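Those letters in the sequence shown? Residues 15 to 105, by our numbering.
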Amino acid sequence: MGQVDKRSITLSPELAAAVDDVVAAGEYASASEVIRDALRQWKDRRDLHGYTVEELRKLVQEGIDSGPGRFASMDDIKAEARRRLRSDDAA
């Protein structure tokens, strides 16, 4: 594993029990393995999405700045989807 940086973490009773359960079931050799796997999955998911918080803020602001959308309500969106579905079926 190479060099490690030891950390102390605090878990809710529910999360602590979940960690204990998977270790007891033999899915992981230790609580540290559970936490490392969870952090790897979190990092992979974050990397997959590829956006930093600042980038997301910028995208949200661009959406706001672009003005009102084409549809005024969810009912309008559904009606348009149904219209498109009907026209696709007719083609």
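Glycine is no exception: its CB is placed at the ideal position from the N, C-alpha and C atoms.
Treat the numbers as computed from the prediction; the structure is a model and nothing was measured.
- Look at I23 here: in three-state DSSP terms it is coil, with no helix or strand label.
- For E47 and T66, the gap between their C-alpha atoms comes out near 27 Å.
- Linking S44 to V37 through their CA atoms gives a straight-line distance of about 6 Å.
- Residue nearest to R21 within the set G77, P82, R97, L53 is L53 (criterion: CA-CA distance).
- DSSP, reduced to helix, strand and coil, places E76 within a helical segment of the structure shown.
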